[in-house]
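Numbering (this note's numbering), first residue to last: 758 to 868.
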């Protein structure tokens, strides 16, 4: 698979996974029954879409997993900030730097 297409699909998968997780979390925090059910159903649909997207292509997911983890970390921090208003702490930023470094090594180190 063409690397830019693969990276784009991984980015979309990370957005779907982080968003689906956020929808489920919103459902857990909501006390209104119908709204709670709506968040759970939307979260389930988004997470199913993520699973389908990430597993459908014929790619070396073991190699791309490091890149995916990096993308997921970045998207999850953005969702946490935008949806829940939580800024990443210094340990999260430092750990995230290590995650991103590993993703870059996996993406660009050619053997």
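We put the CB at the ideal spot given by N, CA and C, even for glycine.
With the cut-off set at 9 Å, would you say residue i and residue j are in Cβ contact?
i: residue 810; j: residue 763; result: no
i: residue 815; j: residue 758; result: yes
i: residue 834; j: residue 854; result: no
i: residue 832; j: residue 792; result: no
Rounded to the nearest angstrom, how far is the Cβ of residue i from that of residue j, given a contact under 8 Å?
i: residue 820; j: residue 863; result: 7 Å
i: residue 775; j: residue 836; result: 5 Å
i: residue 780; j: residue 799; result: 5 Å
Measuring only the C-alpha atoms, how far is residue i from residue j?
i: residue 846; j: residue 778; result: 20 Å
i: residue 859; j: residue 788; result: 40 Å
i: residue 783; j: residue 825; result: 24 Å
i: residue 796; j: residue 773; result: 14 Å
i: residue 808; j: residue 761; result: 20 Å
i: residue 765; j: residue 840; result: 23 Å
i: residue 818; j: residue 868; result: 17 Å
i: residue 790; j: residue 822; result: 37 Å
Within 10 Å of its beta-carbon, does residue i have 16 or more other beta-carbons around it, so buried, or fewer, so exposed?
i: residue 794; result: exposed
i: residue 827; result: buried
i: residue 843; result: exposed
i: residue 829; result: buried
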